[in-house]
Amino acid sequence: MKSTLLHLIIHRPWLVIIAVILLTVFLGSGLRHGLELNVSPLLFVEEHSREREDYDSIRKSFGDDLVLVVAVESDDAFAPANLAKLRTLHQQIEKLKGVAEIISLSNAPFARSNAEGATLEKLVPDLQGIVPARLAEARQIALNDKLFVGQIVSQDGKTAALNILFRPELSTDERYQLTSQIYDLAKQAGFNQAFFAGDPFSQWRGVETLRRDLTLFLPLTLVLVAFLLWLCFRSLVAVVLPLLTVGIGLLWVFGLMGHIGAKFTILSLMLPTVLLAIGCSYVIHVFNQIALEQSRSKDARELNSRFRILNQALSFISLPVIVSALTIIAGFLSLAFTRIPGIKGTAIYAALGATFTMVLSLTFVPAVLAVMGEKAVRLNCGLGGQLISGLEKTGRLAVSKEKLLYLVTGLMCLLSIVGIFRLIIDVDYYGFFKPGTEAAIGSVEIGKRLAGAISFDVIVEASKDGALETPQVLARIEELQSFAESASRGQALSVVNFIKHGNRAFHNNDPKFYALPTDEKIVRELMSDREQLRKFITDDGKRARLLVRSPLTGSAAMSKAVHSIEAKGRDLLPEFRVYATGTVALMNRTSDMIAREQLQSVTIALLTIYVVLSLLFKSWRVGITALVPNLLPVLFFFGYMGWSETPLNMTTSLVASVVLGLAVDNAVQFIVRFRSIQPHHASVRDAIVESMRLSGRPIIYANIAIAAAFAVFSLSNFWPVATFGILSAITILGCLVEDLVLLPARLTSPIFRATSK
1 MKSTLLHLII HRPWLVIIAV ILLTVFLGSG LRHGLELNVS PLLFVEEHSR EREDYDSIRK
61 SFGDDLVLVV AVESDDAFAP ANLAKLRTLH QQIEKLKGVA EIISLSNAPF ARSNAEGATL
121 EKLVPDLQGI VPARLAEARQ IALNDKLFVG QIVSQDGKTA ALNILFRPEL STDERYQLTS
181 QIYDLAKQAG FNQAFFAGDP FSQWRGVETL RRDLTLFLPL TLVLVAFLLW LCFRSLVAVV
241 LPLLTVGIGL LWVFGLMGHI GAKFTILSLM LPTVLLAIGC SYVIHVFNQI ALEQSRSKDA
301 RELNSRFRIL NQALSFISLP VIVSALTIIA GFLSLAFTRI PGIKGTAIYA ALGATFTMVL
361 SLTFVPAVLA VMGEKAVRLN CGLGGQLISG LEKTGRLAVS KEKLLYLVTG LMCLLSIVGI
421 FRLIIDVDYY GFFKPGTEAA IGSVEIGKRL AGAISFDVIV EASKDGALET PQVLARIEEL
481 QSFAESASRG QALSVVNFIK HGNRAFHNND PKFYALPTDE KIVRELMSDR EQLRKFITDD
541 GKRARLLVRS PLTGSAAMSK AVHSIEAKGR DLLPEFRVYA TGTVALMNRT SDMIAREQLQ
601 SVTIALLTIY VVLSLLFKSW RVGITALVPN LLPVLFFFGY MGWSETPLNM TTSLVASVVL
661 GLAVDNAVQF IVRFRSIQPH HASVRDAIVE SMRLSGRPII YANIAIAAAF AVFSLSNFWP
721 VATFGILSAI TILGCLVEDL VLLPARLTSP IFRATSK
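In terms of my numbering, the numbers along the sequence shown are unbroken and rise by one, the last being 757.
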C-alpha cells in the first residue's frame, strides 16, 4: 500500500471513517424496500438460447406449465361425503383472487352419448339426490380413462387431485400469498391427508425456507466467528471490529443489489455467511500483524509508537491481503462466465462482497484502531503455548519427511483421478428440499399416487396449417405418446385422448370405440370443439402438445427419458420438428451445461490465480509452488464425490472454484512470511519453522472460521445447500492441512530456493 494512502488512513482516520459512514448510508438506502425473494427454477436456465425461445413461445401457445397440485386422501374419493368436501374445497379455491383455472373431479367434463350424438356434462354430477348407480358409473369411467386417472384421481380411487393454474399477471408476492391460502384451505378441508407439489408450492416453501435459514445461519455464524476471534486475540475490539467491518461490507453488497433491483435467490442465501467468514479472515491477518508489531514495540502507548505500529503492520500485510482477495475474487468471477443466470449473479455479488470487505479491512479497520486508545487495541499474538509448539513440530516434520509426503500425496491423487471418472451429474430442482420436509414428501407421494408432480411438454411442430390433424399423423402422435409414457414411467395426454374420448361418446360409450377414427371427416368433426383442445393443439393445427407427467425428478433419469422421447419423435415424425420443453426439460439441459462449464470455471480460476501469484512473487515457479498445495484438495474433492456418488449439481459445482480462491490465501500468507524472514536465517529449515510460528496460528483460525461458516450450511433444509456447506468445509480443512504440511515441504525444493531471493 502506498505511503500516501497509509499516511491518510493512520493520520487522518476520521476522513476514512466518515467516508465509510456516508457510503454505507447511500448504499444501505437501497434496502429501504427490502430485497424480493426469487426461487424460480428458471434462474438456473440459460436465458438466451433456442431452447428458452421455444419455451417462451410454447407458453404463449398453450399457457403456463407451472401447476400447483393438491392431492387429498380419503378412504374413498367417490363417497358422497368426500365428494362434498372436495366440491367445497374446489369452490373455495376457485373464489380466490388470482386463480385462473382449477380442474378436479368436481368439474371434470365427460362426453356422454345421447339421442343427438354426444354432449359434454360433468363427470360427477351434483350430489343432491344422486343415486348410487350414477356414482358407480362415474367411478368406473374415471378409473378407466387417462383423461382422469392419474390426473385428478388415483388408480385405487382413494386420492383426488386439484390441478390449479394461477393467473400469469400475478406478482411474486401475490403468487406466494395465493399458495399459502390454498394450503390453509386444503389442510382445513377435513381429509385424511393433503399433499402438495408443483413449482408454485416449491417456490413458496423455498421462500419460507430461505427466511428460516437466514434467521438461523447468520446469528449462528456470528457466534462461531466471534468465539474464534476471541480465542485468537483475547480482545473485545478484535471481536467487535471484524464483525462490524463485515456487516458494513454486507450492507454495501445487499444495498447495491437493492439499488439495481436484483433479487435474493437460493444461492444468495450463502452470501452473508461466506462473506462473513472471508472478511473475518482478512481482519485476522491484519490483527495478527498488528499484534506481532506490538510485541516487538517497547512502548506501544505513545501516540507516535501506535502510528508506527499500524504503519509497519499495514506496510507488510497489505500486499498479501490484497493478493489473497484477488485470488478469492478470481475464484468467484470464474463462475461469472457461466450462462446460468442464478450462478452468474451470485458469483458477481460474492466477488463484489470480497472486494468490499478487503478494502474495509485495510482502510476502515486501521482507521478505527488509530482513533482508539492503547488499552483497547492491545492484541495477543499468541507466540507461545501448545499450538505454536505443534506448528513448529509440523514444520520440522514437513521438512524431514518430504519424500514420504510426496508419495502419500501421489497415491491420493491417483485415487482421486479414478474417482473423477465416476462422477455423476444430477440436477434435481424439485429435490432441493431435504427428505422429510413437506415439499419432499408431497413430491414423492403425488408421484406414487398420481401420474407424478413433474411435467414437461413434447411438441410436434409443422410448417403447414392443419398438418397435424390427419388420422395418419395423429396415429403416429399416439404412438409417440405411448412411448413417452413408457420412457417417463408416467402418463401423457394429447389431443388424441380427447378425440378417442369423443369417438366413444358418439358410439353410445362403447369401450371398443375408444380409438382414433381412420376417417378424416370424423376426426375433423371430433376436433370441431376447439375450446376443449386448446391446451393440446393450436387452432391452426401447426403445433401439437403432449403433456407428460412423471415421477422422475433427477436430471440424470429425466434427461435419459427426454432424449429418448425426442429421438423416437424424430423417427416417427421425420417431416416435423419434435422437441421437449417446459421447466423440467430446460433444467435437464442445465445439467449438461454444468458438465461443460465445470472445467471452464476451474481452468479460469486456476489460470487467474496462478498469474496473480506469479506476479506477486515475480516467479512462475513460485506461483506453482503456492498453487499446487491448494489444487490437490480440490482434486481430492472431485475424487471423493465420484467415490461417494455425491452428484455434481448447481451448488456442488461451485465448490471447486470458490474453495480454490479461498484456500490460496493460506499459501500467500505463508510464502510472504517465509520470504521476509528467510534472509535472516542460516537454513531453510529454520526459516520454515519460524514462518510456521508466526503465520500458522492466524492461518489456522482463519480457515477454521471459514470452514465453520460453510459447515453451518449443513443445517439448511435445502439439500444441495447443505451438501455444498459440508463439502466446502471439508475441502477448506483439507487445504489447511496441505498448506501446513505439503507447502513447507515444497519450499525446501531447489526450484523454489533458486527463485525466492
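Glycine included, every Cβ here is placed at the ideal spot set by N, Cα and C.
Item: Can you name the start and end residues of the beta strand (DSSP E) that Y579 belongs to?; Value: 577 to 581
Item: So is E293 buried or exposed if we call it buried at 16+ other beta carbons inside 10 Å?; Value: buried
Item: Tell me whether A682 sits in a helix, a strand or coil according to DSSP, three-state version.; Value: coil
Item: Do you know whose CA, among H285, E445, L222, R621, lies nearest F196's CA?; Value: E445
Item: Measure from the alpha carbon of S305 to the alpha carbon of each residue in I10, A663, L616, then state which is nearest.; Value: I10
Item: Between G390, F110, G98, A277, which has its C-alpha nearest V659's C-alpha?; Value: A277
Item: Specify the secondary structure class of K122 as computed by DSSP and reduced to three states.; Value: strand
Item: State the Cα-Cα distance for the pair L423 and G206, rounded to the nearest angstrom.; Value: 28 angstroms
Item: So, at 6 angstroms on beta carbons, what are the nonlocal neighbours of G30 in its own chain, with the 5 sequence-adjacent residues on each side left out?; Value: G255, G258, H259
Item: Specify whether the stretch 308 to 318 and the stretch 388 to 398 touch according to this definition: at least 3 beta carbon pairs, one from each stretch, less than 8 angstroms apart.; Value: no
Item: Could you check if E469 is buried or exposed, using at least 16 other CB atoms within 10 Å of its CB as the buried criterion?; Value: buried
Item: Going by the CB atoms, is the gap between L105 and F148 shorter than 9 angstroms?; Value: yes
Item: What three-state label does DSSP hand R543 in the structure shown?; Value: strand
Item: Figure out for me which residue from L586, L397, V664, F637 has the closest Cα to the Cα of I454.; Value: L586
Item: Looking only at C-alpha atoms, which of S494, I425, K448, A722 sits nearest to M558?; Value: I425
Item: Please report the distance separating the alpha-carbon of A708 from that of T583.; Value: 35 angstroms
Item: Alpha carbons only, please: which of I499, G734, D465, A336 is nearest the one belonging to D519?; Value: I499
Item: For G436, which of V408, F217, W719 has the nearest alpha-carbon?; Value: W719
Item: By Cβ distance below 7 angstroms, which residues in the same chain neighbour F637 in space, the five residues on each side in sequence not counted?; Value: V655, A656, L727, T731
Item: Assuming L546 contacts V418 under a Cβ cut-off of 8 angstroms, what Cβ separation, rounded to an integer in Å, is found between them?; Value: The Cβ separation is near 42 angstroms, so there is no contact.
Item: Within its chain, find whatever has a CB closer than 6 angstroms to the CB of A226; leave out the 5 residues flanking it on each side and keep chain order.; Value: V239
Item: What residue from L715, V741, L607 has the CA that sits closest to P219's CA?; Value: L715
Item: Helix, strand or coil: which one does DSSP assign to A79?; Value: coil
Item: Once DSSP output is grouped into helix, strand and coil, what is the label at E461?; Value: strand
Item: Output the boundary residues of the alpha helix (DSSP H) element that contains L135.; Value: 132 to 142
Item: Taking just the CA atoms, how far does F337 sit from S601?; Value: 7 angstroms
Item: Using CA coordinates, which residue listed in L736, D64, A722 is at the minimum distance from G696?; Value: L736
Item: Please report the distance separating the alpha-carbon of G569 from that of G331.; Value: 42 angstroms
Item: Is P511 buried or exposed, if buried means 16 or more other CB atoms sit within 10 Å of its CB?; Value: exposed
Item: Can you tell me the Cα-Cα spacing of S74 and G452, whole angstroms?; Value: 19 angstroms
Item: Only counting the same chain, and skipping five residues up and downstream in sequence, which positions put a Cβ closer than 6 angstroms to that of A189?; Value: K85, L89
Item: Restricting to runs no shorter than 4 residues, where is the alpha helix (DSSP H) found entirely within the stretch 182 to 263?; Value: 199 to 233, 236 to 260
Item: Mind checking who Q491 pairs with in its DSSP beta bridge?; Value: R549
Item: When burial is assigned at 16 or more other CB atoms within 10 Å of the CB, is Y701 buried or exposed?; Value: buried
Item: Could you give the C-beta distance for H285 and Q678, rounded to a whole number, given that I count them as a contact under 8 angstroms?; Value: Not confirmed; about 19 angstroms, so no contact.
Item: Cutting at 8 angstroms between CB atoms, please list the residues of its own chain near I522, excluding the five before and the five after it.; Value: N503
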